[in-house]
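S.K.: Dropping a structure here in C-alpha cells format, bear with me for questions.
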Amino acid sequence: MRLLNRLFGRDEPREALALYNAVVTRARQPHWFLQGGVADDVDGRFDMIAAVLSMVLLRLEDEGQPAAALNASLAECFVDDMDGQLRQIGIGDIMVGKHIGRMMGMLGGRLGAYREGMAHGSLAEPLVRNLYRGKAPESAAIAHVEAALVAFRADLNGVGLDRLREGTLP
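Quick note on the numbering used here: the sequence shown kicks off at 2 and runs consecutively.
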C-alpha cells in the first residue's frame, strides 16, 4: 500500500506535517531577514528553513529511537515541499530529482555544521558559511541570528515529543 501511495500520490498526511509547517512559519518570521540580514530571496528562504529545521532535527536526535519515525517524516515533508517549490518555479520533472538530491545534501551539510557549532559553543562560522553563503553581514546580524537559533534550540528541550508531533514549537 505504501508503494502505491508513493506512485499515485499520498492519501494520508505525513506524521510530521504539522511540525514541518511550524518550522516553515518560524523560518519566515521577518526578524531573520530584517535584523538578521538573511537574504530575502529563494536561496535565503531555503537557508533559513534549513537552519530552523536543523535545530528541530537536532532536538529529535536527542530523543533517539522514539523520534526516528517523526525525524524521517520531517525529512520527507522537506522533500515534498522542495519538490513543489521547484516545480512552481518551472524546474521540469527530469531535473527535479537532481535538485532534490542536492538540497538534501545541503540540508545534511548544514545539520552537521550546526551540530558541530552548537557543540563548540558558536554558530557564527557555520552561519556565515551556510546561511550567508560565505558573505558575512554586519556582526549584529550574525549575533541576532545566532542568539535566536541558540535560544530556539534550548527552548525546544522543554517541548515533549508529542507536542512536537502536533506542531507545537516554543
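Beta carbons: idealized from backbone N, C-alpha and C, even for Gly.
The structure displayed is predicted, hence computed values, not measured ones.
1. When you compare the stretch 63-73 with the stretch 38-52, are there three or more beta-carbon pairs, one atom per stretch, that lie closer than 8 angstroms?
2. Around the C-beta of M2, are 16 or more other C-beta atoms found within 10 angstroms, so that it is buried, or is it exposed?
3. Going by Cα to Cα distance, which pick from V24, A69, A152 and E139 is closest to D82?
4. Please confirm whether L108 and F153 have their CB atoms less than 8 angstroms apart.
5. In angstroms, rounded to a whole number, what distance separates the CA positions of G102 and L124?
6. When you compare each of R60, K136 and W33 to V146 by their alpha carbons, which one comes out closest?
7. Could you give the distance in angstroms between the alpha-carbon of A70 and the alpha-carbon of Y21?
8. What span of residues does the alpha helix (DSSP H) with E62 cover, start to end?
9. Go ahead and pull the three-state DSSP assignment for Y133.
10. Note down, in chain order, each residue of its chain lying with its Cβ closer than 8 angstroms to the Cβ of L5, except the 5 sequence neighbours on either side.
11. In whole angstroms, what is the alpha-carbon distance linking L35 and A142?
12. With 8 angstroms as the threshold, decide whether the Cβ of M56 is near any Cβ in chain B.
13. Would you kindly report the start and end of the unbroken alpha helix (DSSP H) that includes V146?
14. Can you look up T26 in the DSSP assignment and give me helix, strand or coil?
15. The ligand GDP and A19: does the residue's C-beta get closer than 7 angstroms to at least one heavy atom of that ligand?
M.R.: Looking at the coordinates:
1. no
2. Residue placement at M2 is poorly supported in this model, since its pLDDT is 38, which falls under 50; the coordinates still yield a value, given next. Its Cβ having fewer than 16 others within 10 Å, M2 is exposed.
3. When each option's Cα is compared against that of D82, the closest is V24.
4. no
5. 25 angstroms
6. W33
7. 14 angstroms
8. V43 to E64
9. coil
10. Low per-residue confidence applies at L5: pLDDT is 42, beneath 50, and the placement is therefore not dependable enough to give any value.
11. In this structure, the CA atom of L35 is about 9 angstroms from the CA atom of A142.
12. Reference to chain B is not applicable here, since this structure consists of a single protein chain.
13. Looking at the DSSP string, the run of the alpha helix (DSSP H) that includes V146 is S140 to L157.
14. helix
15. As far as ligands go, the structure on display features none, and thus does not contain the ligand GDP.
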